Amino acid sequence: GAVVSQHPSRVICKSGTSVKIECRSLDFQATTMFWYRQFPKKSLMLMATSNEGSKATYEQGVEKDKFLINHASLTLSTLTVTSAHPEDSSFYICSARGTGTGTDTQYFGPGTRLTVL
Amino acid sequence: GQQLNQSPQSMFIQEGEDVSMNCTSSSIFNTWLWYKQDPGEGPVLLIALYKAGELTSNGRLTAQFGITRKDSFLNISASIPSDVGIYFCAGQLSGGTASKLTFGTGTRLQVTL
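Going down the list, the sequences are from chains A and B.
In the numbering used here, each residue carries its 1-based index in the first sequence increased by 490.
In the numbering used here, each residue carries its 1-based index in the second sequence increased by 582.
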């Protein structure tokens, strides 16, 4: 149980375009989802926390107008990178926490590698 | 944001050897977690620790929650090639917005035959 999927697993886009990444909890309801960013050989850095039906809470230094997060249902959250630039290239990972998984345990998706040309 | 310090940063060991790595923080946490990340994948939870002083095992893995609540260690016994990967510790304060995880800097493990 407690499976989280992400789609797509890899995406390559041109500079200036927008990219949407989906995060789904497959066998539980995710009341909270988290979005992380990871640069090569670095640790995971939390970008934002989203609760179903409310606005996301962004970490300091993360531009909310650039990284749009929507958590419209208990099984789906999306991250849209708007007007992407090469410096946005990174590995984006979501995690989900919710009822039936244990009180605070987060389960991670497999990640999405974004390359902006 | 804050990161937890892990040591060693990387290590090469021979198959069959035991491995030890630790994680330290300047602030206390209520929960310590250990994850393993394979290349191009998301982290997978290995062990969760909920109480200061707690010692928990999962197969060949053993982890301890430090008494001060500011550190934790992970041991892997009799390492095998599939243990290769990056190990991250994470600290968590329970409840509300404090439930977010703070990750360590990672320990890269490579196992030679």
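For each residue, glycine too, the CB sits at the ideal point set by N, CA and C.
Predicted model only: the values in this text are computed from it and were never measured.
For residue i, would you say it is in contact with chain B, using Cβ-to-Cβ distances shorter than 8 Å as the test?
{"i": "GLY588 of chain A", "result": "no"}
{"i": "THR570 of chain A", "result": "no"}
{"i": "PHE518 of chain A", "result": "no"}
{"i": "PHE529 of chain A", "result": "no"}
{"i": "SER508 of chain A", "result": "no"}
{"i": "PRO600 of chain A", "result": "yes"}
{"i": "PHE557 of chain A", "result": "no"}
{"i": "SER533 of chain A", "result": "yes"}
{"i": "LEU564 of chain A", "result": "no"}
Rounded to whole angstroms, how far is the Cβ of residue i from the Cβ of residue j, which I believe are closer than 8 Å?
{"i": "ALA630 of chain B", "j": "THR613 of chain B", "result": "7 Å"}
{"i": "SER654 of chain B", "j": "ARG642 of chain B", "result": "With a Cβ gap of about 17 Å, SER654 of chain B and ARG642 of chain B do not count as contacting."}
{"i": "LEU615 of chain B", "j": "CYS671 of chain B", "result": "7 Å"}
{"i": "SER579 of chain A", "j": "GLN528 of chain A", "result": "Contact doesn't hold; Cβ gap of about 12 Å is too wide."}
{"i": "VAL601 of chain B", "j": "ASN657 of chain B", "result": "7 Å"}
{"i": "ALA562 of chain A", "j": "VAL494 of chain A", "result": "Actually they are not in contact, since the Cβ atoms of ALA562 of chain A and VAL494 of chain A sit about 17 Å apart, beyond 8 Å."}
On the three-state DSSP scale, how would you describe residue i?
{"i": "ASP653 of chain B", "result": "strand"}
{"i": "SER505 of chain A", "result": "coil"}
{"i": "GLU577 of chain A", "result": "helix"}
{"i": "SER609 of chain B", "result": "coil"}
{"i": "SER533 of chain A", "result": "coil"}
{"i": "SER602 of chain B", "result": "strand"}
{"i": "SER567 of chain A", "result": "strand"}
{"i": "SER676 of chain B", "result": "coil"}
Of the choices the options, whose alpha-carbon is the least far from that of residue i?
{"i": "MET537 of chain A", "options": "A:THR521, A:LEU607, A:SER573 and A:CYS584", "result": "A:CYS584"}
{"i": "SER573 of chain A", "options": "A:LYS554, A:PHE581 and A:SER499", "result": "A:LYS554"}
{"i": "ARG690 of chain B", "options": "B:LEU628, B:PRO621 and B:THR606", "result": "B:PRO621"}
{"i": "PHE611 of chain B", "options": "B:LEU628, B:PRO625 and B:PHE685", "result": "B:PHE685"}
{"i": "GLN674 of chain B", "options": "B:LYS682, B:PHE594 and B:GLY667", "result": "B:LYS682"}
{"i": "PRO577 of chain B", "options": "B:GLN646, B:ILE595 and B:CYS605", "result": "No answer is possible for residue 577 of chain B: the residues shown for chain B start at 583 and end at 695."}
{"i": "GLU597 of chain B", "options": "B:SER607, B:SER661 and B:PRO625", "result": "B:SER661"}
{"i": "LYS618 of chain B", "options": "A:ASN560, A:ILE559, A:LYS545 and A:PRO600", "result": "A:PRO600"}
{"i": "GLN496 of chain A", "options": "B:GLU623, B:GLN588 and B:SER589", "result": "B:GLU623"}
Does any C-beta atom of chain A lie closer than 8 Å to the C-beta of residue i?
{"i": "THR638 of chain B", "result": "no"}
{"i": "PHE685 of chain B", "result": "yes"}
{"i": "PRO625 of chain B", "result": "yes"}
{"i": "ALA630 of chain B", "result": "yes"}
{"i": "GLY622 of chain B", "result": "yes"}
{"i": "GLY635 of chain B", "result": "no"}
{"i": "GLY667 of chain B", "result": "no"}
{"i": "LYS618 of chain B", "result": "no"}
{"i": "GLN692 of chain B", "result": "no"}
{"i": "PHE647 of chain B", "result": "no"}
task: Count the CB pairs spanning the stretch 505-517 of chain A and the stretch 567-581 of chain A that are closer than 8 Å, and state whether there are at least three.
output: yes
Validate contact between the stretch 584-591 of chain B and the stretch 496-510 of chain A using beta carbons, cut 8 Å, 3 pairs: no
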